[in-house]
Structures are given as structure tokens and as C-alpha cells.
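So the protein lines, in turn, are chains A and B.
The numbering of the first sequence is my numbering, which starts it at 840 and goes up by one.
The numbering of the second sequence is my numbering, which starts it at 14 and goes up by one.
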Amino acid sequence: MTDFTTLTIRGQRSDDLEQLLALWSNPAILLNSLELPYMSDDLFRDHFANPPADMHTLIAEAGLASGRRRIVGMAWLNTIARPRRRHVGRVGVIIYPDYADSDAAAPLLEAVLDLSDTWLGLRRLETTVFADDTAASALYQRGGFEHEATLRRYAFRQGAWADAWLLARLHRPGAPSSQDESA
Amino acid sequence: MSKKSSHPTILIRGQEADDWEDIAALSGSPQVVYHTLQMPFVSRDVIRERTENSAPNRQILVAVVGDQVVGMLGLHIGSGRQAHLARLGMMVRDDFHGQGVGSALMEAAIELAEKWFDLHRIELEVFVDNQPALALYRKFGFEIEGTVREYAFRDGEYVDSYIMARIRSEEQA
């Protein structure tokens, strides 16, 4: 199930909606998010057709051996509008559990980091994960995120309040390239 | 007259549209700007608009001394899987620091949050060097959960903050 021949990271397209709704309806993904089940098709459509201006969405699409293409995950980067926090981005990655251990998750996060470091010049990227979501925290930690805080009773999940971790990665943008240094 | 503390009489009430001029003076006072995420030189029009059109999931309390609003506190209540929590932000005008305004606001806010809104988590962020605020939050049961590095830009540099939360004790639940 996790076999794929190619992986494409690309922007969102309008005909992705059905597959994205399916992705967000996956029980394991839902569980470890802040979303609720029984998502309305219309609300979902509206949200994804009209993303906020400060939201960047990345789609991971696998080319399967059968020749079919399938969306296996998505990521987003939200910049913060408040003037004194414009150096901060909030990041999220979701991926089908079947593909979590594959080579799909890391390139998706890498693409987000590259977007931030190469194009947006953000200094701080942050995300929250449930404290026991070891797959997610391992993914982010491999990407350079560090644990900053444990947020007690952060969200309701499976009938109880669950703790979350605040993870963040710092980056110094604008370091001169080697050409500049020699000047 | 009985010998009481020298603190002025503080009235806590909900924010009203007419408060906007006092709130403009409050949120633009230099120490408030320094220790919060407010900006200098904010147009009074912006403050007026914000005060008159407060979001429904936001509960805003103000502290009145004499006939002036000198402090305010906002609770931003979560929804869905975070309906049990609120984010808290507050400010006290520079010339009223150390006079019990913060404590009066916080006491009212905690009662509102826990005894009326049934919330179990109140969270806030505070710059790591804001000692008076840290002392106030600790006094009201907030604990440091971690350090948010380069949380915000302030007067030319990036500054860390603590994330703090008060968890409602089980006995009250």
C-alpha cells in the first residue's frame, strides 16, 4: 500500500477537493488534529476554495505502480499577520497512516522548510502535536524542530483532555552567501 | 474612615463601545506597548473600530478607576475540541501599575472563566523579562509550561516569552 514510484510536491488545484476531503476524513488523521468528524462538504469546499491570503498549501501526490496518481498528504504554512510576529510561521503536515513511515512525509516537510527559508525568510516555525503522537514529533524533530513546551489539557480527544507539545525551529534568514562574503 | 490600603476603588465591568477613547490611551501607553504585542502609533480609528466590533467569542473586561478605564483583560474562548480553554491577554495603563488593577481584573476573569464558562485551561504568553506580570500570573495559579523562543519583535530585537497556563483544580470541577 505504501509503494509509489514518484512523489510530487505541488500547490493545491481546484480538482483536489474530493481527495482532500477524503484525507481529512481519515480517522487517524482526524484524531491527531483539532478538527471534528462529520465535516460538511460545503464548508470544506468553501474553506479550500478561499484560503486566507497568508496560508500556503502544499500537496504530496504519489504516482502509484498502477499509473494512478493519489494525494497521500498535505502540508501548510501560515504566516502571522500581527506586526510584531510576522517572522513566525505555523506549520502542519498530515499524511495517510499507510504512508507515514514511507519516504513521503519527510520531503513534504522539507518542502515547507525550503519555502520558509528560501522564499519567505521566516525566523521561527512552530507547530503543536499531541504529546503521544510520536510519529509526528519524530518527523518534526528530524526537520530541526525542538520541544519548547508541554501544553496541558490542550484539546479534547477520544473523550478526554490530551496534552500537546509546542515544537519550534529557528532559522537565521539573510546570512550572506559565500559570494557576498568574498566581496 | 477606616484605615485601608492606599489602592483606589476599582470597578470591573464588561467593555462598552464608549470606552474606546480610554482604551486608545491605555493600549498606547509606552510600557503597555513594550510588554504586549501592541504597536506604537496605532490610529484611534482602528481602536474605535476594534472596540465597537468585538468578536463574539471574546469576553473583554475593563477596570475603571474614577471615571476612566485604566486596565483591560480579554478572554478569547476556544471552540470545538478546544471549547474548554481560553487565551488571556491583559494590560494596565502605565500610571496605574502596582495599584491592584491587574489583580482585580485577573480575579474577575478567573471567576468568569471557571465558574460561568466552565473552562479548564486558561493560557497566556508573557515576555520572559516582565517580572511584575510573571508575579501576578503566578499568584493566580498560572504555571510556566515552556519558553517560546523569539516569540515577538520588540524595540529592535527578538524576545522570548513564557507560555503559562492555569489548569482548573479538580476539587472545583
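No residue lacks a Cβ here, since even glycine has one placed at the ideal position from N, Cα and C.
Between the segment 1000-1008 of chain A and the segment 26-33 of chain B there are fewer than three inter-stretch CB-CB distances shorter than 8 Å, so the stretches are not counted as touching. Cα atoms of A/Phe969 and B/Gly79: separation of roughly 47 Å, rounded to the nearest angstrom. Taking 4 residues as the shortest admissible run, the segment 897-945 of chain A contains the following complete alpha helix (DSSP H) segments, listed from N- to C-terminal end: 936-939. Residues of the segment 46-66 of chain B whose Cβ lies closer than 7 Å to any Cβ of chain A, in chain order: Leu50, Met52.
If you draw a straight line from the Cα of B/Ile73 to the Cα of B/Pro145, it comes to about 22 Å.
At a cut-off of 9 Å between beta carbons, A/Pro922 contacts chain B. The beta-carbon of B/Phe166 is placed less than 9 Å from the nearest beta-carbon of chain A. Ranked by Cα distance from B/Glu183, the first of B/Tyr171, B/Arg134, B/Glu65, B/Val105 is B/Arg134. Beyond the five residues adjoining it in sequence on each side, A/Ala904 comes within less than 7 Å, by CB distance, of Asp842, Thr844 in the same chain, given in chain order. Beta-bridge partners assigned by DSSP to B/Val139: B/Tyr175. Residues of the segment 850-865 of chain A that bring their beta carbon within less than 8 Å of a beta carbon in chain B are absent altogether. Short of 6 Å from the beta carbon of A/Ala988, and not among the five residues preceding or following it, lie these beta carbons of its own chain, in chain order: Leu1005. The segment 49-105 of chain B contains, as complete beta strand (DSSP E) runs of 3+ residues, the segments 71-78, 81-90, 98-105 (chain order). Residues are counted here when their Cβ sits less than 8 Å from a Cβ of chain B; for the segment 994-1010 of chain A these are Ala994, Phe995, Arg996, Trp1000, Leu1005, Ala1007, Leu1009, given in chain order. For the beta strand (DSSP E) assignment, the segment 846-875 of chain A encloses no uninterrupted run of at least 3 residues. For B/Thr160, the secondary structure class from DSSP, reduced to helix, strand or coil, is strand.
A/Gln851 counts as buried, since at least 16 other C-beta atoms from the protein chains shown sit within 10 angstroms of its C-beta.
Boundaries of the alpha helix (DSSP H) harbouring B/Ala122: 114-124, taken from the DSSP string. By a beta-carbon distance limit of 8 Å, B/Pro21 contacts B/Gln112. Their separation comes to about 6 Å. For A/Phe883, the enclosing alpha helix (DSSP H) stretches over residues 880-888.
In the DSSP annotation of this structure, the continuous segment of the alpha helix (DSSP H) that includes B/Asp35 starts and ends at 33-40. Look at A/Asp953 here: in three-state DSSP terms it is helix. Rounded to whole angstroms, the separation of the alpha carbons of A/Arg929 and A/Trp958 is 15 Å. Straight through space, the alpha carbons of B/Glu62 and B/Gln51 are spaced by roughly 16 Å. Within the same chain, and ignoring the five residues on either side of B/Phe155 in sequence, the residues whose Cβ sits closer than 6 Å to its Cβ are Met177, Arg179. Contact between A/Phe887 and A/Leu859 holds: their C-beta atoms lie close to 6 Å from each other, under 8 Å.
Using a Cβ distance threshold of 9 Å, A/Thr967 and A/Ala914 do not count as a contacting pair. Residues of the same chain with a CB within less than 8 Å of the CB of B/Thr64, apart from the 5 flanking positions on each side, are Gln28, Ala30, Asp32, Trp33, Ile36 in chain order. Look at B/Gln44: its C-beta is not under 9 Å from any C-beta on chain A. Among the residues facing chain A, B/Ile180 is included, as its CB has a counterpart in that chain under 9 Å away. If you draw a 10 Å sphere on the C-beta of A/Tyr935, you find 16 or more other C-beta atoms in it, and that means buried. Along the segment 89-107 of chain B, the positions whose C-beta sits under 8 Å from a C-beta of chain A are Gly93, Arg94, Gln95, Ala96, His97, Leu98, read in chain order.
In terms of Cβ geometry, B/Leu132 and B/Leu98 form a close pair [threshold 9 Å]. Using beta-carbon distances, B/Ile176 counts as an interface residue toward chain A, with a partner under 9 Å.
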